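Novice: Let me give you the structure first, and then I'll get to my questions.
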Amino acid sequence: MAIKNVVFDLGGVIIDLDSQEPIRRFKEIGVKDADELLDAYEQKGIFLEIEDGKISVEEFCEKLRAHAGKDLTFEQIAWAWLGFVVDVPQYKLDFITQLREKYKVYLLSNTNPIIQEQWARTNKFSEAGRPINDYFDKMYTSYEVGVTKPSSRIFEYMIKDSGMLPSETLFVDDGAKNIEVGKSLGMYTYQPLNGEDWRNPIDKILQETR
Numbered sequence: 302m303a304i305k306n307v308v309f310d311l312g313g314v315i316i317d318l319d320s321q322e323p324i325r326r327f328k329e330i331g332v333k334d335a336d337e338l339l340d341a342y343e344q345k346g347i348f349l350e351i352e353d354g355k356i357s358v359e360e361f362c363e364k365l366r367a368h369a370g371k372d373l374t375f376e377q378i379a380w381a382w383l384g385f386v387v388d389v390p391q392y393k394l395d396f397i398t399q400l401r402e403k404y405k406v407y408l409l410s411n412t413n414p415i416i417q418e419q420w421a422r423t424n425k426f427s428e429a430g431r432p433i434n435d436y437f438d439k440m441y442t443s444y445e446v447g448v449t450k451p452s453s454r455i456f457e458y459m460i461k462d463s464g465m466l467p468s469e470t471l472f473v474d475d476g477a478k479n480i481e482v483g484k485s486l487g488m489y490t491y492q493p494l495n496g497e498d499w500r501n502p503i504d505k506i507l508q509e510t511r
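The sequence shown begins at 302 in the working numbering and counts up one residue at a time.
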């Protein structure tokens with residue numbers, strides 16, 4: 302069956318990630334156990350609570366201050382979160398723009414409102430000066446849906462809300478557990494490496510399924 306939809310993960314696919322830099326930054330501002338709470342795929346503790354929408358930005362900041370025992374500023378906290386971001390290659394965003402001429406293109410991401418509102422959804426996101434939401438037909442983020450990958454519930458929410466058929470959908474994610482869920486729901490899948498130029502492999506899949 303021909304593919305009509307392409308769903309991208311954000312970190313490790315569109316954004317080149319550094320999983321160690323945010324740990325270093327959070328430790329620098331006083332979160333001594335940051336290596337136990339932060340992960341490239343799914344967070345723990347209050348870091349998970351903000352990513353699955355259980356607590357607000359204000360609640361996260363207050364809990365983090367209490368956890369660290371320091372009066373951390375919002376700017377310090379945002380700076381630490383943004384340690385994940387190494388680069389956003391404009392060529393990937395240009396490719397996604399081209400895909401939208403023929404396909405519906407969606408984002409499905411574990412992320413949080415600090416990264417989104419302070420950076421991704423501003424003109425600081427891309428070299429072209431455009432926010433992330435300019436590049437997708439619709440975005441499904443964990444904190445807005447209220448659940449993180451690899452739970453099938455976030456996939457099911459996207460499928461129902463968008464009206465997409467899994468059998469007509471290509472899912473691109475760097476997380477093995479997330480790919481397993483996509484496959485179990487009947488999607489075509491591709492798992493790139495962090496920093497990979499995945500344009501040719503995706504083109505090949507799309508051509509083979511026409």
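A virtual CB, placed ideally from N, CA and C, is assigned to each residue, including glycine. As the structure is a prediction and not an experimental result, all values here were calculated from the model.
How many whole angstroms separate the CB atoms of Ala369 and Gly430, which I take to be in contact at a CB cut-off of 8 Å?
Specialist: Within the sequence shown, numbered from 1, the residue matching residue 369 stands at position 68. Within the sequence shown, numbered from 1, the residue matching residue 430 stands at position 129. Wrong, their Cβ atoms sit about 35 Å apart, outside the cutoff.
Novice: DSSP state of Tyr407, grouped into three classes?
Specialist: Mapped onto the sequence shown, residue 407 falls at position 106. DSSP places Tyr407 in strand when its eight states are reduced to three.
Novice: What are the start and end residues of the beta strand (DSSP E) that includes Lys439?
Specialist: Within the sequence shown, numbered from 1, the residue matching residue 439 stands at position 138. Residues Lys439 to Thr442.
Novice: Determine the extent of the beta strand (DSSP E) in which Asn306 is found, giving its start and end residues.
Specialist: Locating residue 306 in the sequence shown gives position 5, where the first residue counts as 1. Element bounds for Asn306: Asn306 to Phe309.
Novice: Going by beta-carbon coordinates alone, are Leu408 and Tyr441 separated by less than 8 Å?
Specialist: On the sequence shown, position 107 is the one that residue 408 refers to. On the sequence shown, position 140 is the one that residue 441 refers to. Yes, these two residues count as a Cβ contact at 8 Å.
Novice: Beta carbon of Phe327, beta carbon of Leu318: below 8 Å?
Specialist: Within the sequence shown, numbered from 1, the residue matching residue 327 stands at position 26. Within the sequence shown, numbered from 1, the residue matching residue 318 stands at position 17. In this structure, Leu318 does not lie closer than 8 Å to Phe327 by Cβ.
Novice: Which of helix, strand or coil does DSSP assign to Gly312?
Specialist: Residue numbering aside, residue 312 sits at position 11 when the sequence shown is read from its first letter. Of the three classes helix, strand and coil, the one that applies to Gly312 here is strand, per DSSP.
Novice: Buried or exposed: where does Lys450 fall if 16 or more other Cβ atoms within 10 Å of its Cβ makes it buried?
Specialist: Start at 1 with the first residue of the sequence shown, and residue 450 comes out as number 149. Lys450 is buried by the Cβ-count criterion.
Novice: Following the continuous beta strand (DSSP E) through Val385, name the residue where it begins and the one where it ends.
Specialist: Translated into positions along the sequence shown, residue 385 becomes position 84. Inspection of the sequence shows that residue 385 is occupied by Phe rather than by Val. No beta strand (DSSP E) holds Phe385; DSSP gives it neither H nor E.
Novice: Quick one: what's got a C-beta closer than 6 Å to Lys345's C-beta in the same chain, skipping five residues either side?
Specialist: Within the sequence shown, numbered from 1, the residue matching residue 345 stands at position 44. Excluding sequence neighbours, Lys345 sits near Leu338.
Novice: Grab the span of the beta strand (DSSP E) containing Val482 for me, first residue to last.
Specialist: Residue numbering aside, residue 482 sits at position 181 when the sequence shown is read from its first letter. Counting along the chain, Val482 falls outside any beta strand (DSSP E), though it belongs to the alpha helix (DSSP H) covering Ala477 to Ser485.
Novice: Pull up the CB-CB distance for Glu360 and Ser443, whole angstroms please, since I reckon it's below 8 Å.
Specialist: Within the sequence shown, the letter at position 59 stands for residue 360. Within the sequence shown, the letter at position 142 stands for residue 443. At roughly 16 Å, the Cβ-Cβ gap does not stay under 8 Å, so Glu360 and Ser443 are not in contact.
Novice: I'd like to know whether the C-beta atoms of Val473 and Val307 end up nearer to each other than 8 Å.
Specialist: In the sequence shown, the residue the question calls residue 473 occupies position 172. In the sequence shown, the residue the question calls residue 307 occupies position 6. The answer is yes: Cβ separation under 8 Å.
Novice: Return the bridge partner residues of Phe472 from the DSSP annotation.
Specialist: Here residue 472 is taken as the residue at index 171 of the sequence shown, counted from 1. Answer by DSSP bridge pairing, in chain order: Val308 and Thr490.
Novice: Out of Ile460, Tyr489, Pro493 and Asp498, which one is the CA nearest neighbour of Arg511?
Specialist: On the sequence shown, position 210 is the one that residue 511 refers to. Nearest of Ile460, Tyr489, Pro493 and Asp498 to Arg511, Cα basis: Tyr489.
Novice: According to DSSP, is Asp317 part of a helix, a strand, or is it coil?
Specialist: As a working note, residue 317 is residue 16 in the sequence shown. Looking at Asp317 - three-state DSSP - the assignment turns out to be strand.
Novice: Can you tell which of Ala303, Ile433, Lys364 and Ala341 has its C-alpha closest to the C-alpha of Pro390?
Specialist: If you number the sequence shown from 1, residue 390 lands on position 89. The shortest C-alpha separation from Pro390 is found at Ile433.
Novice: By alpha-carbon positions, which one of Asp435, Gly313 and Asp334 ends up nearest to Val406?
Specialist: Here residue 406 refers to the residue found at position 105 of the sequence shown. Ranking the options by Cα distance to Val406, first place goes to Asp435.
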